[in-house]
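Chains as they are written, first to last, in my numbering: chain A, 1 to 382; chain B, 383 to 764.
Protein chains: 2
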Amino acid sequence: MDNFVFHNPTTIDFGTGKEQQVGQHLADHGIKKVLLTYGSERIKRDGLFDAVTKSLAAQGIAWVEFGGIVSNPVISTVREAIAVARTHQVEAVLAVGGGSVLDSSKAIAAGVLHDGDVWELFTRAATIKAALPIFSVLTLAATGSEMNSGAVVTNEETREKFAIGSPHTFPKVSIVNPALMQTVSRDYLVYSASDIIAHSIEGYFTAKVQPRFQSRLVEAIIKTVIETTETLLADPTNYGARAEFAWASTQALNGLIYSGTAGFSYPNHMIEHALSALFNVPHGAGLSVIMPAWMKWYHGRNPEQFKRFAEEVFGLDTAEQGIAALEQWFDKIGTPTRLSQLGITEADLPATIDNVLGNAKWFGIAEIYTRDVVTTILKNAL
Amino acid sequence: MDNFVFHNPTTIDFGTGKEQQVGQHLADHGIKKVLLTYGSERIKRDGLFDAVTKSLAAQGIAWVEFGGIVSNPVISTVREAIAVARTHQVEAVLAVGGGSVLDSSKAIAAGVLHDGDVWELFTRAATIKAALPIFSVLTLAATGSEMNSGAVVTNEETREKFAIGSPHTFPKVSIVNPALMQTVSRDYLVYSASDIIAHSIEGYFTAKVQPRFQSRLVEAIIKTVIETTETLLADPTNYGARAEFAWASTQALNGLIYSGTAGFSYPNHMIEHALSALFNVPHGAGLSVIMPAWMKWYHGRNPEQFKRFAEEVFGLDTAEQGIAALEQWFDKIGTPTRLSQLGITEADLPATIDNVLGNAKWFGIAEIYTRDVVTTILKNAL
Numbered sequence: 001m002d003n004f005v006f007h008n009p010t011t012i013d014f015g016t017g018k019e020q021q022v023g024q025h026l027a028d029h030g031i032k033k034v035l036l037t038y039g040s041e042r043i044k045r046d047g048l049f050d051a052v053t054k055s056l057a058a059q060g061i062a063w064v065e066f067g068g069i070v071s072n073p074v075i076s077t078v079r080e081a082i083a084v085a086r087t088h089q090v091e092a093v094l095a096v097g098g099g100s101v102l103d104s105s106k107a108i109a110a111g112v113l114h115d116g117d118v119w120e121l122f123t124r125a126a127t128i129k130a131a132l133p134i135f136s137v138l139t140l141a142a143t144g145s146e147m148n149s150g151a152v153v154t155n156e157e158t159r160e161k162f163a164i165g166s167p168h169t170f171p172k173v174s175i176v177n178p179a180l181m182q183t184v185s186r187d188y189l190v191y192s193a194s195d196i197i198a199h200s201i202e203g204y205f206t207a208k209v210q211p212r213f214q215s216r217l218v219e220a221i222i223k224t225v226i227e228t229t230e231t232l233l234a235d236p237t238n239y240g241a242r243a244e245f246a247w248a249s250t251q252a253l254n255g256l257i258y259s260g261t262a263g264f265s266y267p268n269h270m271i272e273h274a275l276s277a278l279f280n281v282p283h284g285a286g287l288s289v290i291m292p293a294w295m296k297w298y299h300g301r302n303p304e305q306f307k308r309f310a311e312e313v314f315g316l317d318t319a320e321q322g323i324a325a326l327e328q329w330f331d332k333i334g335t336p337t338r339l340s341q342l343g344i345t346e347a348d349l350p351a352t353i354d355n356v357l358g359n360a361k362w363f364g365i366a367e368i369y370t371r372d373v374v375t376t377i378l379k380n381a382l
Numbered sequence: 383m384d385n386f387v388f389h390n391p392t393t394i395d396f397g398t399g400k401e402q403q404v405g406q407h408l409a410d411h412g413i414k415k416v417l418l419t420y421g422s423e424r425i426k427r428d429g430l431f432d433a434v435t436k437s438l439a440a441q442g443i444a445w446v447e448f449g450g451i452v453s454n455p456v457i458s459t460v461r462e463a464i465a466v467a468r469t470h471q472v473e474a475v476l477a478v479g480g481g482s483v484l485d486s487s488k489a490i491a492a493g494v495l496h497d498g499d500v501w502e503l504f505t506r507a508a509t510i511k512a513a514l515p516i517f518s519v520l521t522l523a524a525t526g527s528e529m530n531s532g533a534v535v536t537n538e539e540t541r542e543k544f545a546i547g548s549p550h551t552f553p554k555v556s557i558v559n560p561a562l563m564q565t566v567s568r569d570y571l572v573y574s575a576s577d578i579i580a581h582s583i584e585g586y587f588t589a590k591v592q593p594r595f596q597s598r599l600v601e602a603i604i605k606t607v608i609e610t611t612e613t614l615l616a617d618p619t620n621y622g623a624r625a626e627f628a629w630a631s632t633q634a635l636n637g638l639i640y641s642g643t644a645g646f647s648y649p650n651h652m653i654e655h656a657l658s659a660l661f662n663v664p665h666g667a668g669l670s671v672i673m674p675a676w677m678k679w680y681h682g683r684n685p686e687q688f689k690r691f692a693e694e695v696f697g698l699d700t701a702e703q704g705i706a707a708l709e710q711w712f713d714k715i716g717t718p719t720r721l722s723q724l725g726i727t728e729a730d731l732p733a734t735i736d737n738v739l740g741n742a743k744w745f746g747i748a749e750i751y752t753r754d755v756v757t758t759i760l761k762n763a764l
């Protein structure tokens, strides 16, 4: 096991009705004025916006709205929000939404206190030295952003999808009410399942140091995601399954399963970020296409762990059977497993490969993911 | 899944040589003078005391020593330490040791800032409103005290073994260097294994709401403890096994596996605390006696979960087989499974039962654990 430091200061307030506590949480942190960020206007129709603002008003907290954050969020929107935050001199950012809103809000919170352009924090031209306090009310369980410091945003001019992370960008409090997720569409449920599995397996398969205990935690998450996704496809109102799905999602990317592991990388995310950046495909849909394709290329490099995956997750014997079972499960739940299902054809590969190779430098794995290798993986996914 | 709030602010600095960072951690928190608590003088012989104080000195941090904390720590020692802490006006408590030293240090840290007698915090006559910052260097992985807010101390006059817990008593930073644990005796290794398993199963078997995901996390911990204990009995210097054992121990009682569960209780701890309080038996040794005896009485109340335990942990079919397998495993590793191995005979039962019934009120399960029931369980353990 490798040396590590584990510190996750985020408070998770989990359960039914917890969005009504958001004002109290902000008040506990001394916040008087907040930027309330969100995506579509749906939260105004379904009552969540009212519940949140009522909770803020009850504590005498003023808010400034900033809506319209889209999936695969873009840096231009973050820049606009930073300007609004500065104009109104808000003291905190409250994200009401899914991973895109949360990630954007982290970038906003850090960007407000950064002297230069916020994209410098993503290219690593500058580091995050401070951020406004971040709070969130989660409406989609997938990215784990509610309990980590990371944020992924796309620069639509440069077509780069990069990430930030800092001790300053952990949410202070994230509210996770699984009942708010019952209206998530069938598509976004299965894309979310794919995303959570991707977070779980990147380290599991690629780490040079991968203790057995951490592997068991990963398998607990994946088995839970598989089981609860199937329950929710049959019955979207099953609260228990929604709750376990959400909590497993949080655990997949809050630092726990990566603690003590070493030498891991995020090749599936690296490749998928190119698909999102170029073709604006849903992140989880891109990942369910890439994962089986990547596994078919990669598994010979870590045969024991792939055999373990087959045995522990699917009760099967060989690496190849495990990979096939995962791909078949993706097919079964209805998340794509082929680039063609995303509308991406062989003619798109050269541009895609170029974008991946750009990412490879940022991800620090350009030596392994050469043009030939990336081509092989993407051809597996055609 | 039940509503819950999860917040664990402790920083774990894990790995080889990390005790050399302790001064830096205290300096990061602005500490200039600390009460350094420990148990036996062994840490002076084996170099740990020197490493810790050198690290403090390098940061210009003064320390006041308080040694002699024993296993099953007692409130009189805590009172003495509080007097020392007040005399020297220390700003923090640094525990160097195992669970007894950590638990005592939490009581000291809270007691220093409590106007009345510290035992009032244990009897719930008073609540913890503040505590000095707590830091620790862990030398024995078992109690999970390094990443939780709990502390268990015995009042040797009243023969009560009670607990405290408060948001103020989470350690700020705990250093966990598995290499420091290589000299743990064979006995204390197996007692620790028993203790970790007890932390894992109390909720697993007794919770009225026990989500499957949380059960999987528990099984990951137990399987890891079983596997690494066997490795360490064969090779005490196996760092990887020592590290996984330690990290599993931390996860067993840091709030994770209990998040979202509801209606659980700690009957095995309730009964064992009587053994420790009356006969000063090692906590883990008492637990390995009580657990199989309790399971034989209890399993019919939760047959599905006991069947699950048998299947997932031991690959067996029935509740009875799972219980027998755990008892046999305790026998195999050499932790007691009979009261007689602790020197406790049938003649000791009346006094033991009385003490357990006193605990039952404190633990809030007096209605279930009547004299008859406690007698049945203890007779199972004869």
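Glycine is no exception: its CB is placed at the ideal position from the N, C-alpha and C atoms.
Put simply, the CB of B/I653 is far from chain A, with every gap to its CB atoms at 8 angstroms or more. Taking 8 angstroms as the CB threshold, A/G150 stays off the interface with chain B. Excluding five sequence positions before and after A/E312, the CB atoms of its chain that fall closer than 6 angstroms to its own CB belong to E219, given in chain order. Using a Cβ-Cβ cut-off of 7 angstroms, B/K590 is close to nothing in chain A; its nearest Cβ partner there is about 13 angstroms away.
Chain order gives no chain B residues near A/N280, where near means a beta carbon separation below 8 angstroms; the closest approach is about 32 angstroms. Exclusion of the five residues before and after A/I82 leaves I108, G111, V112, V118 as the residues of its chain whose Cβ lies within less than 7 angstroms of its Cβ.
For B/L731, the CB contacts under 6 angstroms within the same chain, skipping 5 residues up- and downstream, are L760 in chain order.
Across the stretch 388-420 of chain B, CB contacts with chain A closer than 9 angstroms involve F388, H389, N390, P391, T392, T393, I394, D395, F396, G397, T398, G399, K400, in sequence order along the chain. Distance check between B/A628 and each of B/S422, B/Q564, B/D410 places B/Q564 closest, using alpha-carbon atoms only.
Taking CB atoms only, A/L102 has no neighbour in chain B less than 8 angstroms away. In chain order, K33, L35, V64 place their CB closer than 8 angstroms to the CB of A/H88, counting only its own chain and leaving out the 5 sequence neighbours on each side. Excluding sequence positions up to five before and after B/L669, its CB lies within less than 7 angstroms of the CB of S576, D577, A580, N650, E654, all in the same chain and listed in chain order. By the C-beta density criterion, A/D103 is buried, having at least 16 other C-beta atoms within 10 angstroms.
Taking a C-beta cut-off of 7 angstroms against chain B, the contacting residues of the stretch 209-225 of chain A are P211, R212, F213, R216, L217, A220, K223, T224, listed in chain order.
Here B/G666 carries a helix assignment [DSSP, helix/strand/coil]. Under a 10 Å Cβ-count criterion, B/T611 is classified as buried, with 16 or more other Cβ atoms of the shown protein chains found around its own Cβ. The residues H496, G498, E502, in chain order, have a CB closer than 8 angstroms to that of B/A508 in the same chain once the five nearest residues on each side in sequence are set aside. The shortest CA-to-CA distance from B/P560 to any of A/A262, A/D2, A/D317, A/Y266 is the one to A/D2. For A/N155, there is no enclosing alpha helix (DSSP H); the enclosing beta strand (DSSP E) has its first and last residue at 150-155.
Note that the C-beta distance between B/N662 and B/N454 is below 8 angstroms. When 7 angstroms is used as the limit between beta carbons, B/F386 is near these residues of chain A: F14, G15, in chain order.
If you check the CB distance, B/D395 and B/V555 come in under 8 angstroms. The continuous stretches of alpha helix (DSSP H) do not include B/E542, which lies in the beta strand (DSSP E) extending over residues 542-547. Residues L495, H550 of the same chain have their beta carbon placed closer than 6 angstroms to that of B/A512, with the five preceding and five following residues left out of the count. B/E447 carries a strand assignment under DSSP once its states are collapsed to helix, strand and coil.
Here B/G479 has Y420, G421, T521 as same chain residues with Cβ atoms under 6 angstroms from its own Cβ, once five neighbours each way along the sequence are excluded. Against B/G642, the close residues of chain A are F14, G15, A243, E244, W247, in the order they occur along the chain (beta-carbon pairs closer than 9 angstroms). The straight-line gap separating the alpha-carbon atoms of A/Y188 and A/K296 is approximately 25 angstroms.
In the pairwise beta carbon analysis, the stretch 399-412 of chain B is classified as not touching the stretch 199-208 of chain A: fewer than three pairs are separated by under 8 angstroms. Between B/P515 and B/T392, the C-beta gap is not smaller than 8 angstroms, which leaves the two residues out of contact. Counting only residues of its own chain and dropping the five nearest sequence neighbours on each side, A/R371 has a CB closer than 8 angstroms to the CB of I353, L357. Taking a Cβ-Cβ threshold of 8 angstroms, the residues of chain A close to B/G622 are M1, P211, in chain order. In this structure, the beta-carbon distance from A/T335 to A/Y191 falls below 8 angstroms. Looking at the backbone, the Cα of B/N530 and that of B/L635 are separated by about 7 angstroms. According to the DSSP assignment, A/F122 belongs to the alpha helix (DSSP H) that extends over 119-123.
Residue range 731-745 is occupied by the alpha helix (DSSP H) that includes B/T734, with no beta strand (DSSP E) assigned at that position.
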